[in-house]
Amino acid sequence: MAKAKLLTGCRAAAEGAKAAEVEVICSYPIRPYTAIMMELAKMVANGELNAEFVHGEGEHAQLSVVLGACAAGARAYTGSSGVGVTYAMEIYSPMAGGRYPVQMSIADRTLDPPGDFGSEHTDAMSTRDQGWLLGWACSPQEVYDNTLIAYRVGEDHRVMLPQMVCQDGYFISHIPDTVTLGEQSQVKEFLPPYRPIGPLSLTHPVSHGPQIRPDQGAPMDAQRAQTFLAVPKVIEEATADFNRIFGRSYDPFVEQYKLEDAEIAFFIQGAHSNTARSAVDRLRKQGVKAGMARLRWVRPWPTHQLAAALGHVKAVGVIETSTSYGGAMRGGNLIHELRASLYDLDDRPLVTSFMGGLGGETMWPADFDHIAKILTQAVTEKKVRNYVQWLGM
Amino acid sequence: MAKELPGYGTIDVPKDRVVPFGAVTPAPVCQQDLFQTSNWRIVRPVKDDEKCTRCLICYLSCPDACWVYKEEEDVMEWVNNFCKGCQICIQECPSGALTAAPELDFPDGVVRLNKPF
Numbered sequence: 001m002a003k004a005k006l007l008t009g010c011r012a013a014a015e016g017a018k019a020a021e022v023e024v025i026c027s028y029p030i031r032p033y034t035a036i037m038m039e040l041a042k043m044v045a046n047g048e049l050n051a052e053f054v055h056g057e058g059e060h061a062q063l064s065v066v067l068g069a070c071a072a073g074a075r076a077y078t079g080s081s082g083v084g085v086t087y088a089m090e091i092y093s094p095m096a097g098g099r100y101p102v103q104m105s106i107a108d109r110t111l112d113p114p115g116d117f118g119s120e121h122t123d124a125m126s127t128r129d130q131g132w133l134l135g136w137a138c139s140p141q142e143v144y145d146n147t148l149i150a151y152r153v154g155e156d157h158r159v160m161l162p163q164m165v166c167q168d169g170y171f172i173s174h175i176p177d178t179v180t181l182g183e184q185s186q187v188k189e190f191l192p193p194y195r196p197i198g199p200l201s202l203t204h205p206v207s208h209g210p211q212i213r214p215d216q217g218a219p220m221d222a223q224r225a226q227t228f229l230a231v232p233k234v235i236e237e238a239t240a241d242f243n244r245i246f247g248r249s250y251d252p253f254v255e256q257y258k259l260e261d262a263e264i265a266f267f268i269q270g271a272h273s274n275t276a277r278s279a280v281d282r283l284r285k286q287g288v289k290a291g292m293a294r295l296r297w298v299r300p301w302p303t304h305q306l307a308a309a310l311g312h313v314k315a316v317g318v319i320e321t322s323t324s325y326g327g328a329m330r331g332g333n334l335i336h337e338l339r340a341s342l343y344d345l346d347d348r349p350l351v352t353s354f355m356g357g358l359g360g361e362t363m364w365p366a367d368f369d370h371i372a373k374i375l376t377q378a379v380t381e382k383k384v385r386n387y388v389q390w391l392g393m
Numbered sequence: 001m002a003k004e005l006p007g008y009g010t011i012d013v014p015k016d017r018v019v020p021f022g023a024v025t026p027a028p029v030c031q032q033d034l035f036q037t038s039n040w041r042i043v044r045p046v047k048d049d050e051k052c053t054r055c056l057i058c059y060l061s062c063p064d065a066c067w068v069y070k071e072e073e074d075v076m077e078w079v080n081n082f083c084k085g086c087q088i089c090i091q092e093c094p095s096g097a098l099t100a101a102p103e104l105d106f107p108d109g110v111v112r113l114n115k116p117f
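Chains as they are written, first to last, in the working numbering: chain A, 1 to 393; chain B, 1 to 117.
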């Protein structure tokens, strides 16, 4: 059994990419994710990792380089943060439509203006309709683990889709935590080599990314949607195998913390779930039946799993670390999808949302006490007063 | 859970409408007819073989690889199914061998087709 080390989320992502033996890496600097590339550059320079390290001239180029590398049959890796994620926006859809299972590691950062360095999920959340697999880790350990799980899911021939492996900037990317790296034998057992479908080849020439006709657009969209119907099963299989081989205990889609008898629940993704978990413990000592559901995948969205996990709860507080200005609830996006997931239940929970951790601010234990108070009030009044509450104002 | 929630349904794409995986097709594209893209053409380049010097500038300048040099016959061949009528070749031809002709002038003109291809 490998020994635990103290690693940042960025180092953990780089260790994950190294363990996956990525063959082509394309970088472009932007903090906080840039530390991943610094670590990988060192590994390549020191001969620990045999990969082609390409420095792109921007994020659009980064994504284009790894698309080409993947089309040629390489396991390709890239990443970004904040406005870097949005600068590459054009390439996300062709990457998914062309079925290139590239991995992009994101350490979240706020978008501009005003050029804040802090973490906010809006960067990667903005790409959620582009056909990628998308999910958040809540610890450096989970960053390492998700790097391997995402490659395994994305490269499965029933899937063949690119993956965004996200972590909160700074909270995860730059604060060291204990990480147990896998043995290479475990990685080999879990993650088979990448087998491309129809790669670029001199002996069997193929054309990638042709113009299709309008009448081919609808079936192609339907085929991509069809693929997403198959993804959950592949995620379940991969997570079960990962848990068995590496001795972990991940729920494939939703971490459920003390939800069985919970009356109120936090619904959250990413770093602040660690504070939420301790808040649940503290609240329970005070006699409040609190619980937490932590989302591991935003795409595919685990509709039925969330209905099963949260259906019995009386009130759910969605913690949004991203913005959707002018959206149905005028806060973030997670509440829209959660409410939609619970809508068909006969006795559905009350759901409201809390804008927290924006601009990279910490979510404090007191924030969760405040959330619990509003949720308890909603249970007593049998209604939510507002769709959204802005914390820390 | 007491109540069964709705599912996602099934998505059935008719066999004759299935698009190849990732739209990857055998190359070169002019040898297959899956993704023909000339149906928005309103003019096509017409070539005067007397003026053509086989300088291959049309071959180099075409963004869709629609000019091919046929070595046996020593002529340039136009690829009907992929030429979008952009007229770059006509602009670039140094010997004035190419002119633009309206699609309506041709019995097989794409603008005459009810269902293109």
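Think of the CB as a built atom: it goes at the ideal place given N, C-alpha and C, for glycine as much as any other residue.
Using a C-beta to C-beta distance shorter than 8 Å, which residues of chain A count as neighbours of residue i?
{"i": "G22/B", "result": "G97, G98, R99, Y100, M160, I197, G198 and H208"}
{"i": "F35/B", "result": "P210, Q211, I212, R213 and Q216"}
Can you tell me where the alpha helix (DSSP H) with residue i in it begins and where it stops?
{"i": "V83/A", "result": "G82 to Y87"}
{"i": "K3/B", "result": "Segment: none, K3/B is in no alpha helix (DSSP H) and carries neither H nor E."}
{"i": "Q87/B", "result": "Taken as a continuous stretch (DSSP letters only), Q87/B belongs to no alpha helix (DSSP H), as it is neither H nor E."}
{"i": "F150/A", "result": "The residue asked about is misnamed: residue 150/A is Ala in this sequence, not Phe. P140 to E155 is the span of the alpha helix (DSSP H), which, as asked, contains A150/A."}
Looking only at its own chain, which residues have a Cβ that is under 6 Å from the Cβ of residue i, when we skip the five neighbours before and after it?
{"i": "S341/A", "result": "T303, L306 and A307"}
{"i": "L56/B", "result": "none"}
{"i": "S105/A", "result": "A13, I36, G79 and V165"}
{"i": "I25/A", "result": "L40, A51, F53 and Y77"}
{"i": "I245/A", "result": "Q186, E189 and F190"}
{"i": "G118/A", "result": "T110, G359 and G360"}
{"i": "A230/A", "result": "R158"}
{"i": "L67/A", "result": "M95 and Y100"}
Rounded C-beta distance between residue i and residue j? I'm assuming under 8 Å.
{"i": "F124/A", "j": "M164/A", "result": "Note that residue 124/A is Ala in the sequence shown, not Phe. Rounded, the Cβ-Cβ distance is 6 Å, consistent with contact."}
{"i": "M76/B", "j": "K47/B", "result": "6 Å"}
{"i": "P397/A", "j": "G73/A", "result": "Since the displayed chain A opens at 1 and closes at 393, residue 397/A lies outside it and no answer follows."}
{"i": "P349/A", "j": "V298/A", "result": "The Cβ separation is near 20 Å, so there is no contact."}
{"i": "R158/A", "j": "V65/A", "result": "Wrong, their Cβ atoms sit about 27 Å apart, outside the cutoff."}
{"i": "A225/A", "j": "F368/A", "result": "Contact flag wrong, Cβ pair sits at about 37 Å."}
List the endpoints of the continuous beta strand (DSSP E) containing residue i.
{"i": "I371/A", "result": "Careful: I371/A lies outside any beta strand (DSSP E), inside the alpha helix (DSSP H) at P365 to E381."}
{"i": "C26/A", "result": "V24 to S27"}
{"i": "L111/A", "result": "Counting along the chain, L111/A falls outside any beta strand (DSSP E), and DSSP gives it neither H nor E."}
{"i": "A419/A", "result": "Summary: the structure shown does not reach residue 419/A, with chain A confined to residues 1 through 393, and so no result is reported for it."}
{"i": "S353/A", "result": "L350 to M355"}
{"i": "M164/A", "result": "Q163 to Q167"}
{"i": "F267/A", "result": "I264 to I268"}
{"i": "Q389/A", "result": "V388 to W390"}
{"i": "Q256/A", "result": "V254 to Y257"}
{"i": "K233/A", "result": "Where K233/A is concerned, there is no enclosing beta strand (DSSP E), although the alpha helix (DSSP H) it sits in stretches over P214 to F246."}
{"i": "D347/A", "result": "Run containing D347/A: none; DSSP gives neither H nor E here."}
Which residues in chain A have a C-beta closer than 7 Å to the C-beta of residue i? List them in chain order.
{"i": "Y8/B", "result": "L229"}
Closer than 7 Å by C-beta to residue i: which residues in its own chain qualify, once you throw out the five before and the five after it? Chain order, please.
{"i": "G198/A", "result": "V206"}
{"i": "E155/A", "result": "P101 and Y194"}
{"i": "N386/A", "result": "T352"}
{"i": "D116/A", "result": "T110, G359 and G360"}
{"i": "R94/B", "result": "It is worth fixing the name first, because residue 94/B is Pro in this sequence and not Arg. So the qualifying residues of the chain are C55 and I57."}
{"i": "Q130/A", "result": "Y92, S93 and A96"}
{"i": "A110/B", "result": "The sequence given here places Val at residue 110/B; Ala does not occur at that position. Hits under 7 Å: S38, N39, R41, E103 and P116."}
{"i": "R277/A", "result": "Y257 and M292"}
{"i": "E183/A", "result": "A2"}
In chain B, which residues lie less than 9 Å from residue i when you measure between Cβ atoms?
{"i": "P365/A", "result": "Per Cβ cutoff of 9 Å: no residues; P365/A is ~33 Å from chain B at best."}
{"i": "P219/A", "result": "V13, P14, R17, V18 and V19"}
Can you pull the chain B neighbours of residue i, defined as C-beta to C-beta under 8 Å?
{"i": "P205/A", "result": "P26, A27 and P28"}
{"i": "A225/A", "result": "I11"}
Quick one: list the residues of chain B neighbouring residue i, beta-carbon separation under 7 Å, in chain order.
{"i": "E344/A", "result": "Position check: residue 344/A holds Asp in this sequence, whereas Glu was assumed. Here the neighbours are L5 and P6."}
{"i": "A222/A", "result": "I11 and V13"}
With a CB to CB cut of under 8 Å and the five nearest residues on each side skipped, what residues in its chain are close to residue i?
{"i": "F117/B", "result": "Any reading at F117/B needs caution, since the residue's pLDDT is 45, under 50, leaving its predicted position unreliable; the model's value is listed next. Counting only Cβ-Cβ distances below 8 Å, and skipping sequence neighbours, we find D33, Q36, N39 and N81."}
Between residue i and the ligand NAD, is the CB less than 7 Å from at least one heavy atom?
{"i": "S278/A", "result": "As far as ligands go, the structure on display features none, and thus does not contain the ligand NAD."}
Can you pull the chain A neighbours of residue i, defined as C-beta to C-beta under 9 Å?
{"i": "R41/B", "result": "What R41/B touches in chain A: nothing, since even the nearest Cβ is about 13 Å away."}
How would you list, in chain order, the residues of chain E whose beta-carbon sits under 7 Å from the beta-carbon of residue i?
{"i": "H304/A", "result": "Although the question refers to chain E, the structure presented lacks it and instead comprises the protein chains A and B."}
Inset, instruction - Tell me, please, whether the stretch 216-233 of chain A touches the stretch 141-151 of chain A by the rule of three or more beta-carbon pairs shorter than 8 Å. - result: no
Inset, instruction - Determine contact between the stretch 179-193 of chain A and the stretch 49-61 of chain A, defined as no fewer than three beta-carbon pairs at a distance below 8 Å. - result: no
Inset, instruction - Mind the definition here: the stretch 6-21 of chain A touches the stretch 172-181 of chain A only if three or more C-beta pairs lie below 8 Å; say whether that holds. - result: yes
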